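Here is the structure we will look at.
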Amino acid sequence: MGQTILSAHVASVRVTRGDWVATIQGLTGARIGAVERHGKQILVRLDRGLLYIHLGMTGNLLWNAPSGKYTRAILELSNGVLIYNDIRQFGRFEFYRELPANLVGVGPDALQLDFAEFFLRLKSRKGPIKPLLLNQTFISGVGNIYADEALFAARINPHTPANRLSRPRAAKLFEKIREILQIAIRHRGSSISNHVDACGEPGAFQQMHVVYGRMGSACSGCGKPIRRVVLGQRGTHYCPRCQRA
DNA sequence: CAGATCACCTGCTTGC
DNA sequence: TGCAAGCAGGTGATCT
Numbered sequence: 168m169g170q171t172i173l174s175a176h177v178a179s180v181r182v183t184r185g186d187w188v189a190t191i192q193g194l195t196g197a198r199i200g201a202v203e204r205h206g207k208q209i210l211v212r213l214d215r216g217l218l219y220i221h222l223g224m225t226g227n228l229l230w231n232a233p234s235g236k237y238t239r240a241i242l243e244l245s246n247g248v249l250i251y252n253d254i255r256q257f258g259r260f261e262f263y264r265e266l267p268a269n270l271v272g273v274g275p276d277a278l279q280l281d282f283a284e285f286f287l288r289l290k291s292r293k294g295p296i297k298p299l300l301l302n303q304t305f306i307s308g309v310g311n312i313y314a315d316e317a318l319f320a321a322r323i324n325p326h327t328p329a330n331r332l333s334r335p336r337a338a339k340l341f342e343k344i345r346e347i348l349q350i351a352i353r354h355r356g357s358s359i360s361n362h363v364d365a366c367g368e369p370g371a372f373q374q375m376h377v378v379y380g381r382m383g384s385a386c387s388g389c390g391k392p393i394r395r396v397v398l399g400q401r402g403t404h405y406c407p408r409c410q411r412a
C-alpha cells in the first residue's frame with residue numbers, strides 16, 4: 168500500500184491473456200492502493216486501474232525472492248520485488264483500467280456469505296452438490312481439495328442433489344466449509360507438489376487431508392476404503408459409508 | 001440453461 | 001532405460 172511500481176516485466180504472454188504491452192504500460196509507474204481478495208481472485212487497486220491476479224493451479228507470489236524458470240512476471244516496487252511464478256500458466260496477471268466483467272460475476276465469498284443466502288441459493292439448484300461448490304459464480308473461494316474435505320466433514324455424499332439437502336444438513340456443510348477454509352489458511356494451504364506462500368514456505372494442510380488424494384486408504388471414520396470418482400470432470404474423493412447417497 | 005467435452009500448459013508418477 | 005498414459009490445486013469456450 169502506497170508503494171510505487173518502478174518497473175514491470177512480463178515473461179509469459181499467456182498469464183496476461185494476450186495484452187502484455189497494456190499490462191506493462193499500465194503497471195509501470197502506478198501507485199498501489201488497497202489489496203483485496205474475492206474468492207480466489209486477488210485485486211491490487213492502483214491509482215490508474217487495477218492489477219488482477221489469479222493463481223490458477225500452480226501460481227504463487229513471492230516477496231523479495233529470486234526469479235526462476237517459471238517466473239512469469241516481476242514487479243519492482245519501491246520497497247522490494249514481487250515475483251509471480253506459475254508452472255502451468257493457468258493463472259492470470261493482468262492490468263485493467265476498470266473492474267472486468269468476470270469479477271463482477273463472481274459469486275459471494277465463502278467466508279462472507281451468510282447461511283440464509285447460501286441455503287436459499289442451494290434450493291434453486293438440482294445438480295450434484297460437489298460441482299456446485301466448485302462453481303465460483305455460486306460460491307467463490309472453494310477449490311477441489313476443500314470441497315471434498317468439507318463434504319466429508321459434513322458427511323454428505325458429493326452426488327447429492329443440492330436442492331435435496333435439508334436445512335440442518337446444509338447448515339452443517341456451510342459450517343464445515345468455513346471451518347476447513349479457515350484451518351487451511353492457518354496452515355498456509357495444501358502443498359501437493361509445489362504450492363508455497365509469499366515467504367516461500369510450503370503449506371501443511373495436506374497432512375490433514377482425510378479424503379482428498381487418499382483413494383484406497385482407510386476412512387478415518389469407519390475404516391472402509393476411500394473412493395475416487397470423477398464428478399463434474401474433477402477427481403472426487405469420499406467415503407461410501409460415511410457419506411451415503 | 002445445465003451438463004458434457006475439450007482446451008489450455010508443464011511436470012510428475014506409474015506401468016509396460 | 002524408455003516411452004506412453006494418466007493425473008494434478010482452475011477456469012473457459014463450445015456443443016448438445
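Residue numbering for the first sequence follows our numbering, beginning at 168 and increasing consecutively.
In this text, a Cβ means the ideal position worked out from N, Cα and C, and glycines have one as well.
This one's a predicted model, so the numbers in the text were calculated from it and none came from an experiment.
From Gly380 to Asp214, what distance separates their C-alpha atoms? Between Gly380 and Asp214, the C-alpha separation is close to 43 Å.
Nearest-angstrom Cα distance between Trp187 and Ile323? So the alpha carbons of these two residues sit roughly 44 Å apart.
Look at the Cβ atom of Phe305, then the Cβ atom of Arg288, and state whether they are nearer than 8 Å. Contact: yes.
Check for me: the alpha helix (DSSP H) holding Val188 runs from which residue to which? 187–194 is the extent of the alpha helix (DSSP H) around Val188.
Between the alpha carbons of Ala371 and Glu316, how many angstroms are there, rounded? Approximately 15 Å between the Cα atoms of the pair.
Taking Cβ to Cβ, would you say Gly216 is nearer than 8 Å to Gly193? Annotated as proximal: Gly216 and Gly193, with beta-carbon spacing under 8 Å.
What would DSSP say about Leu278, mapped onto helix, strand or coil? If DSSP states are grouped into helix, strand and coil, Leu278 belongs with coil.
Grab me the residues of Arg264's own chain with a C-beta within less than 6 Å of its C-beta, minus the 5 sequence neighbours each way, in chain order. Hits under 6 Å: Gly216.
For Ile254, which residues from the same chain have a beta carbon less than 8 Å from its beta carbon, with the 5 sequence-adjacent residues on both sides left out? Cβ neighbours of Ile254 beyond the five flanking positions: Thr225, Tyr237, Asn361.
What does DSSP give as the partner residues of Arg392 in its beta bridges? Strictly speaking, residue 392 in this sequence is Pro, with Arg absent from that position. According to DSSP, which records beta bridges pairwise, Pro392 is partnered with Ala385.
Which residue from Asn252, Ile393, Gly310 puts its Cα closest to that of Gly383? Residue Ile393 holds the alpha-carbon nearest to the alpha-carbon of Gly383 among Asn252, Ile393, Gly310.
Suppose the cutoff is 6 Å on Cβ atoms and the five residues either side in sequence are ignored; what does the same chain contact list for Glu243 look like? So the list reads Leu173, Ser174, once near-sequence residues are dropped.
If you count every other CB in all the chains shown that lies within 10 Å of the CB of Ala314, and 16 or more means buried, which is it? Here Ala314 is buried: its Cβ has 16 or more other Cβ atoms, across all protein chains shown, within 10 Å.
Going by other Cβ atoms of all chains shown within 10 Å of its Cβ, with 16 needed for buried, is Ala329 buried or exposed? Classified as buried, Ala329 has 16 or more neighbouring CB atoms from the shown chains inside 10 Å of its CB.
Exposure label - Leu318; buried when at least 16 CB within 10 Å: Under this definition Leu318 is a buried residue.
Pro407 to Leu278 span [Cα, whole Å]: Roughly 28 Å separates the two Cα atoms.
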